[in-house]
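Before any comments, here is the structure.
Residue numbers (the numbering used here): 4 to 343.
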């Protein structure tokens, strides 16, 4: 059995060909898709965060709105770029969103990916101190967030406060118990997956990672997951970790599906450079008739290793079509693979 959810980047463009033509469309349709996915029996509604782009950028108002409109589905991010984040303010926002959702928040964070602008985090007021690079800064912000989410007091109370204080040092409020165990790290390499395991974060692995061995993407990703689990066990954490992978998967069951996704050659991984130094491997997409799709997915080692699968959705095709994409996987594919 696997949890199956969707992952939306929330793209929008004023093009007449797009069903999502404004930021308002992207946000409101994201809420509607989460409601539809819950009705279909999906397990998660996850959203990507990108700054300076026509995509979803400020996750917590959206997460809180989805939490208020749904009752069962997990609500999450994949991922928030920690280079841009004030971890104290983020802890308050996350606590509030989680309480609104009744403890369903699954918060994916990471160092982030290549950006629309040069060093965009500097415009947000952040810069690595001497001896630290931007990746170090992101991980430092993450460590602060993890400590804050434990809910322990750290701030000296005012002896003459406006409102009465509880005894002892004060923590940030609102605090949501259990949220600390629902933080995920989006890892692009085996080393960062091991780093996340040591800190007790769940693992999110996307459709690209550092090309570390030259093996097919799904094999490298499965190796990354196994390294994460070994490091988790060695760290002595008491609970079982969770692992998600994301995939673009389309079951071709009607003419619209075939028109949108029945062309091209999605069967091969791709190699590229996400910056001047990092050679990355990009995992293939899956688009085929259900019987063929089942055969292909059964050979994906990383999906087999993960407990959660996030379906990346083409949100600009509209809520109804994306609900159809999710439903076809839940009904035509998942049962045959033992995911349901």
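Ideal Cβ placement from N, Cα and C applies to all residues, glycine included.
| Asked | Found |
| --- | --- |
| Between the Cα of residue 292 and those of 265, 275, 307 and 317, spot the shortest distance and give me the residue it belongs to. | 265 |
| What are the start and end residues of the alpha helix (DSSP H) that includes residue 235? | 220-238 |
| State the start and end residues of the unbroken alpha helix (DSSP H) segment that holds residue 137. | 137-151 |
| Do residue 60 and residue 99 come within 8 Å of each other at the CB atom, strictly closer than that value? | no |
| Contact defined as beta carbons within less than 8 Å: I believe residue 221 pairs with residue 310. What is the distance between those atoms, to the nearest angstrom? | Actually they do not touch by this definition, with Cβ atoms about 16 Å apart. |
| Have a look at 43, 147, 307 and 202 and flag the residue whose alpha-carbon is nearest the alpha-carbon of residue 228. | 307 |
| Starting from residue 92 and walking both ways along the beta strand (DSSP E), at which residues does that stretch end? | Segment 90-103 is the alpha helix (DSSP H) holding residue 92; no beta strand (DSSP E) there. |
| Please tell me whether residue 152 and residue 108 are closer than 8 Å, where the distance is taken between their beta carbons. | no |
| On a CA-only basis, which of 245, 281, 283 and 254 is nearest residue 299? Give me that one, please. | 254 |
| Between which two residues does the alpha helix (DSSP H) carrying residue 324 extend? | 322-331 |
| Using the Cα positions of residue 210 and residue 262, report the straight-line distance between them to the nearest angstrom. | 23 Å |
| Can you check the region 172-219 for any beta strand (DSSP E) of at least 3 residues that lies completely inside it and give the ranges in chain order? | 186-189, 205-208 and 211-213 |
| For residue 43, I'd like the list of residues in its chain whose CB is within less than 7 Å of its CB, leaving aside the five on either flank, ordered along the chain. | 326, 329, 330 and 333 |
| Can you find the residues in the same chain that come closer than 8 Å, C-beta to C-beta, to residue 56, ignoring five residues on each side of it along the sequence? | 119 |
| In chain order, what residues of the same chain have a beta carbon less than 6 Å from the beta carbon of residue 315, not counting five sequence neighbours either side? | 10, 249 and 251 |
| In this structure, what does DSSP give as the bridge partners for residue 2? | The chain is shown only over 4 to 343; residue 2 falls outside these bounds and no answer can be derived. |
| When the Cα of residue 5 is compared with those of 312, 323 and 339, which residue comes out closest? | 312 |
| What are the boundary residues of the alpha helix (DSSP H) that includes residue 34? | 26-43 |
| Using three-state DSSP, classify residue 68 as helix, strand or coil. | helix |
| Distance check for residue 41 and residue 226, CA to CA, integer angstroms please. | 32 Å |
| Would you mind stating whether residue 85 and residue 121 have Cβ atoms separated by less than 8 Å? | no |
| Can the beta-carbon of residue 104 be found less than 8 Å from the beta-carbon of residue 83? | no |
| Whose CA, out of 51, 192, 318 and 133, lies closest to the CA of residue 282? | 192 |
| What does the alpha-carbon distance come out to for the pair residue 117 and residue 213? | 13 Å |
| Anyone know if the C-beta pair for residue 69 and residue 45 falls short of 8 Å? | no |
| Between the beta-carbon of residue 179 and the beta-carbon of residue 207, is there less than 8 Å? | no |
| Checking the sheet assignment: what are the DSSP bridge partners for residue 109? | 79 |
| Where does residue 306 fall in DSSP's three states? | helix |
| Which residues in the same chain have their Cβ closer than 6 Å to the Cβ of residue 273, if we skip the five residues on either side of it in sequence? | 285 |
| So residue 142 and residue 114 are in contact, right, with Cβ under 8 Å, and what is the actual spacing, rounded? | 7 Å |
| To the nearest angstrom, how far is the alpha carbon of residue 90 from that of residue 35? | 29 Å |
| Just grab the DSSP bridge partners of residue 289 for me. | 252 |
| Express the C-alpha separation of residue 96 and residue 22 in angstroms, rounding to a whole number. | 30 Å |
| Please determine, among 270, 202 and 71, the residue with the shortest C-alpha to C-alpha distance to residue 237. | 202 |
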